[in-house]
Amino acid sequence: MTPTSRTLLIILIVFLVLCLCLCAVAVFTGALGVLIFRSEAADPNNSPVFEFTPPFEDWREITPTLPDIDSPPLVTTPSGLPAGDGAYETLQSLQQALVPVNDPRELAQRLGGKGEIPQTVPFSGPFQVGDRKKFWVTNVDTTENFQVEAVLRYVTENAYFWIEDGVSYNQSSLRRLAETFNDQIIPTNREFFGMEWNPGVDNDPRLFVLYTRGAGKNIAGYFSSADSVHPLAHQYSNAHEMFILSADNARLEEEFTYGVLAHEFQHMIHWYRDRNEETWLNEGFSELAAFLNGYDPGGFDYIFSINPDHQLNDWPTDSSATTPYYGASFLFVNYFLERFGEEATKALVAHPDNGLDSIDSVLASLTANDPLTGQVIQADDVFVDWTLTNYLNDPRIGDGRFAYTQYRNAPTVNDTEVFTACDGRSQTRTVKQYGADYIRFNCQGSFTLEFQGNSEVGVLPVDAYSGNYAFWSNKGDESNMTLTREFDFTGVESPIQLSYRTWYDLEEDYDYLYLVASEDNGQT
Numbered sequence: 000m001t002p003t004s005r006t007l008l009i010i011l012i013v014f015l016v017l018c019l020c021l022c023a024v025a026v027f028t029g030a031l032g033v034l035i036f037r038s039e040a041a042d043p044n045n046s047p048v049f050e051f052t053p054p055f056e057d058w059r060e061i062t063p064t065l066p067d068i069d070s071p072p073l074v075t076t077p078s079g080l081p082a083g084d085g086a087y088e089t090l091q092s093l094q095q096a097l098v099p100v101n102d103p104r105e106l107a108q109r110l111g112g113k114g115e116i117p118q119t120v121p122f123s124g125p126f127q128v129g130d131r132k133k134f135w136v137t138n139v140d141t142t143e144n145f146q147v148e149a150v151l152r153y154v155t156e157n158a159y160f161w162i163e164d165g166v167s168y169n170q171s172s173l174r175r176l177a178e179t180f181n182d183q184i185i186p187t188n189r190e191f192f193g194m195e196w197n198p199g200v201d202n203d204p205r206l207f208v209l210y211t212r213g214a215g216k217n218i219a220g221y222f223s224s225a226d227s228v229h230p231l232a233h234q235y236s237n238a239h240e241m242f243i244l245s246a247d248n249a250r251l252e253e254e255f256t257y258g259v260l261a262h263e264f265q266h267m268i269h270w271y272r273d274r275n276e277e278t279w280l281n282e283g284f285s286e287l288a289a290f291l292n293g294y295d296p297g298g299f300d301y302i303f304s305i306n307p308d309h310q311l312n313d314w315p316t317d318s319s320a321t322t323p324y325y326g327a328s329f330l331f332v333n334y335f336l337e338r339f340g341e342e343a344t345k346a347l348v349a350h351p352d353n354g355l356d357s358i359d360s361v362l363a364s365l366t367a368n369d370p371l372t373g374q375v376i377q378a379d380d381v382f383v384d385w386t387l388t389n390y391l392n393d394p395r396i397g398d399g400r401f402a403y404t405q406y407r408n409a410p411t412v413n414d415t416e417v418f419t420a421c422d423g424r425s426q427t428r429t430v431k432q433y434g435a436d437y438i439r440f441n442c443q444g445s446f447t448l449e450f451q452g453n454s455e456v457g458v459l460p461v462d463a464y465s466g467n468y469a470f471w472s473n474k475g476d477e478s479n480m481t482l483t484r485e486f487d488f489t490g491v492e493s494p495i496q497l498s499y500r501t502w503y504d505l506e507e508d509y510d511y512l513y514l515v516a517s518e519d520n521g522q523t
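First residue of the sequence shown: 0, per numbering that gives the first Met the number 0; consecutive thereafter.
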């Protein structure tokens with residue numbers, strides 16, 4: 000019992016590691032794009048580059064400055080409903096599962112009946128200003144693929160800039176954008192995130208940028224990994240390492256457009272270095288790329304701060320719902336960079352593991368020990384500290400870990416709920432996995448707080464059709480999951496018919512499910 004009339008903050012955090020989306024065999028590849036959120040015009044000569052130093056050997060000793068508290072702390076009784084044996088068995092299976100990276104060429108040959116497909120196409124350049132060329136463009140709203148003819152309007156050491164025939168543009172704005180991309184964005188991204196595939200599928204060391212119409216009403220630009228695949232493996236591949244900029248939504252003179260190129264270039268690099276990285280982490284790094292190049296992250300982090308109960312390590316298939324997820328992932332990787340330094344962050348970009356597993360692996364390899372506990376820091380620990388940072392954002396607290404010190408404009412989340420009467424009634428609330436609610440208790444007199452939470456959550460929103468188990472493919476991006484079962488029909492003489500019941504959640508036009516059978520142990 001604690002007599003107090005002061006306010007008290009309780010943060011409810013759930014970080015169970017099971018997610019609720021499913022992908023089957025990802026035969027072809029998808030596009031990673033940026034939604035529209037405008038900013039002011041850029042000054043390409045005044046874009047700062049941030050430098051960070053890994054702090055493992057030099058933790059700051061900070062004496063916290065806190066308000067005077069003349070009463071003992073609130074007594075809490077943590078408890079939880081025990082998880083069943085089946086939940087732990089499922090968790091262990093998921094932790095041990097390996098998600099194989101897809102190879103579009105191999106899949107097209109094996110499942111599409113194609114012959115031998117080369118990895119690259121012959122070099123067709125170099126191109127000169129005034130050259131004309133046709134390109135495939137995808138409307139991300141309708142997934143329609145169509146061709147446009149474009150004219151090469153500017154060439155730098157590292158990139159070609161093509162403008163769709165008939166699209167109006169300002170040559171001076173194009174020149175400033177092209178030179179900034181060449182002189183600042185490309186070297187900054189390469190130094191921090193690594194090298195893209197170069198000379199790549201087209202054997203051309205230059206990147207391609209196409210400024211065109213019709214990519215979608217809410218898209219500013221995208222990188223499609225399909226363009227880095229031979230056209231025999233993907234019929235709509237442009238067979239160039241390239242970016243699409245929307246002439247409908249992104250003006251060449253805007254700082255926003257500069258940030259789009261930085262964002263998409265990170266996607267290109269990450270695709271080459273760690274192809275099947277989870278979307279949430281990949282998008283966070285792309286937002287970080289824009290930030291490191293000196294461009295505003297676009298306000299997505301502020302949208303997230305309004306409602307922080309969004310699952311960090313998830314990404315909606317509905318593109319209209321992704322805005323707060325961009326903000327959360329950007330804040331998380333920004334916090335990781337500030338806390339663990341540049342080399343740790345670079346290692347995370349390149350690590351073959353994905354998502355939270357890659358964070359665990361990188362921190363373990365660097366022996367990143369918590370100076371307070373002496374234990375190796377894990378992804379869940381980082382998540383908890385980051386969740387507190389989003390509310391506190393004060394370097395005077397503790398050893399300084401609960402603050403954004405480089406990102407001065409980081410938003411601060413507010414209370415999601417306030418209790419002013421603690422009358423003993425039970426209250427039920429929900430919070431998403433790896434999400435957070437910030438509940439403040441501002442009650443008069445003495446009270447005891449008891450908390451009970453669930454210890455398990457379903458992997459899928461459906462139960463097994465029969466029994467307690469189901470065959471699940473796992474989930475992933477740019478991945479090739481398989482479910483394989485062997486049957487012995489040597490004693491069966493009658494015709495064989497296969498019947499099965501399936502539940503699926505596939506990203507339309509990007510993920511596919513194939514059923515194949517073999518009578519010779521998988522040889523054919």
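All C-beta atoms in this analysis are idealised placements derived from N, C-alpha and C, irrespective of residue type, glycine included.
It should be emphasised that the depicted structure is a prediction, and the values quoted were computed from it without experimental measurement.
Assigned exposure category for residue i - 16 Cβ within 10 Å defines buried
{"i": "Trp502", "result": "exposed"}
{"i": "Gln94", "result": "exposed"}
{"i": "Gln310", "result": "buried"}
{"i": "Ile529", "result": "Given a span of 0 to 523 for the chain in the structure shown, any question on residue 529 remains unanswerable."}
{"i": "Phe486", "result": "exposed"}
{"i": "Glu276", "result": "buried"}
{"i": "Val259", "result": "buried"}
{"i": "Asp226", "result": "buried"}
{"i": "Lys216", "result": "exposed"}
{"i": "Asn408", "result": "exposed"}
{"i": "Thr447", "result": "exposed"}
{"i": "Val228", "result": "buried"}
N- and C-terminal bounds of the beta strand (DSSP E) containing residue i
{"i": "Asp436", "result": "Gly434 to Phe440"}
{"i": "Val417", "result": "Glu416 to Phe418"}
{"i": "Gln118", "result": "It is not in any beta strand (DSSP E) - Gln118 carries neither H nor E in the DSSP assignment."}
{"i": "Asn188", "result": "Premise fails: Asn188 lies in the alpha helix (DSSP H), Ile185 to Phe192, not in any beta strand (DSSP E)."}
{"i": "Tyr509", "result": "First-last for Tyr509: undefined, no H or E at that position."}
{"i": "Phe207", "result": "Leu206 to Thr211"}
{"i": "Ser245", "result": "Met241 to Ser245"}
{"i": "Glu148", "result": "Glu143 to Val154"}
{"i": "Ser319", "result": "No beta strand (DSSP E) contains Ser319, which DSSP labels as neither H nor E."}
{"i": "Gly452", "result": "Leu448 to Asn453"}
Among the options, the one whose alpha carbon lies nearest that of residue i
{"i": "Lys132", "options": "Gly213, Asn202, Asp164 and Ile302", "result": "Asp164"}
{"i": "Asn441", "options": "Gly399, Asp462, Phe418 and Ala288", "result": "Phe418"}
{"i": "Pro186", "options": "Arg212, Leu291, Ser167 and Gln146", "result": "Leu291"}
{"i": "Ala288", "options": "Trp471, Tyr433 and Glu190", "result": "Glu190"}
{"i": "Ala261", "options": "Val136, Asn248 and Phe242", "result": "Phe242"}
{"i": "Gln265", "options": "Gly112, Val348, Gly475 and Asn144", "result": "Val348"}
{"i": "Glu506", "options": "Ser425, Gly373 and Ser318", "result": "Ser318"}
{"i": "Asn520", "options": "Pro99, Glu156, Ile495 and Arg484", "result": "Arg484"}
{"i": "Ser199", "options": "Ala149, Phe122, Tyr390 and Asn392", "result": "It should be noted that the sequence gives Gly, not Ser, for residue 199. If we check each option's Cα against that of Gly199, Phe122 comes out closest."}
{"i": "Gln183", "options": "Ser498, Pro494, Glu156 and Ala246", "result": "Glu156"}
{"i": "Ser223", "options": "Arg104, Glu477 and Gly490", "result": "Glu477"}
Limits of the alpha helix (DSSP H) - the one that residue i falls within
{"i": "Thr388", "result": "Ala378 to Leu391"}
{"i": "Trp161", "result": "Segment Ala158 to Glu163 is the beta strand (DSSP E) holding Trp161; no alpha helix (DSSP H) there."}
{"i": "Val136", "result": "Careful: Val136 lies outside any alpha helix (DSSP H), inside the beta strand (DSSP E) at Arg131 to Asn138."}
{"i": "Ala96", "result": "Element bounds for Ala96: n/a, residue is neither H nor E."}
{"i": "Ile358", "result": "Gly354 to Ser364"}
{"i": "Ala289", "result": "Thr278 to Leu291"}
Residue i versus residue j - alpha carbon distance
{"i": "Ser357", "j": "Asp398", "result": "25 Å"}
{"i": "Tyr513", "j": "Ser236", "result": "22 Å"}
{"i": "Pro53", "j": "Glu341", "result": "Annotation note: pLDDT 31 at Pro53 (below 50); position unreliable, coordinate value reported separately. Each residue's Cα considered, the two are about 6 Å apart."}
{"i": "Ala378", "j": "Val361", "result": "10 Å"}
{"i": "Tyr257", "j": "Asp308", "result": "31 Å"}
{"i": "Phe488", "j": "Met480", "result": "25 Å"}
{"i": "Ala249", "j": "Asn181", "result": "19 Å"}
{"i": "Ala219", "j": "Tyr168", "result": "16 Å"}
{"i": "Val152", "j": "Gly129", "result": "Before going further, note that residue 152 is Arg rather than Val in the sequence given. So the two alpha carbons sit approximately 6 Å from each other."}
{"i": "Gly83", "j": "Phe470", "result": "19 Å"}
{"i": "Lys345", "j": "Trp196", "result": "17 Å"}
{"i": "Ala158", "j": "Arg205", "result": "5 Å"}
{"i": "Val430", "j": "Leu231", "result": "46 Å"}
{"i": "Leu459", "j": "Gly423", "result": "35 Å"}
Integer Cβ distance of residue i from residue j, believed to fall under 8 Å
{"i": "Tyr437", "j": "Thr411", "result": "Not quite, the Cβ-Cβ distance comes to about 10 Å (not below 8 Å), so this is no contact."}
{"i": "Asn312", "j": "Trp279", "result": "5 Å"}
{"i": "Ser172", "j": "Glu88", "result": "Not confirmed; about 59 Å, so no contact."}
{"i": "Ala363", "j": "Val375", "result": "6 Å"}
{"i": "Phe255", "j": "Phe299", "result": "Their Cβ separation, rounded to whole angstroms, is 12 Å, which puts Phe255 and Phe299 out of contact at 8 Å."}
{"i": "Phe207", "j": "His239", "result": "4 Å"}
{"i": "Arg400", "j": "Arg338", "result": "6 Å"}
{"i": "Ala214", "j": "Val139", "result": "6 Å"}
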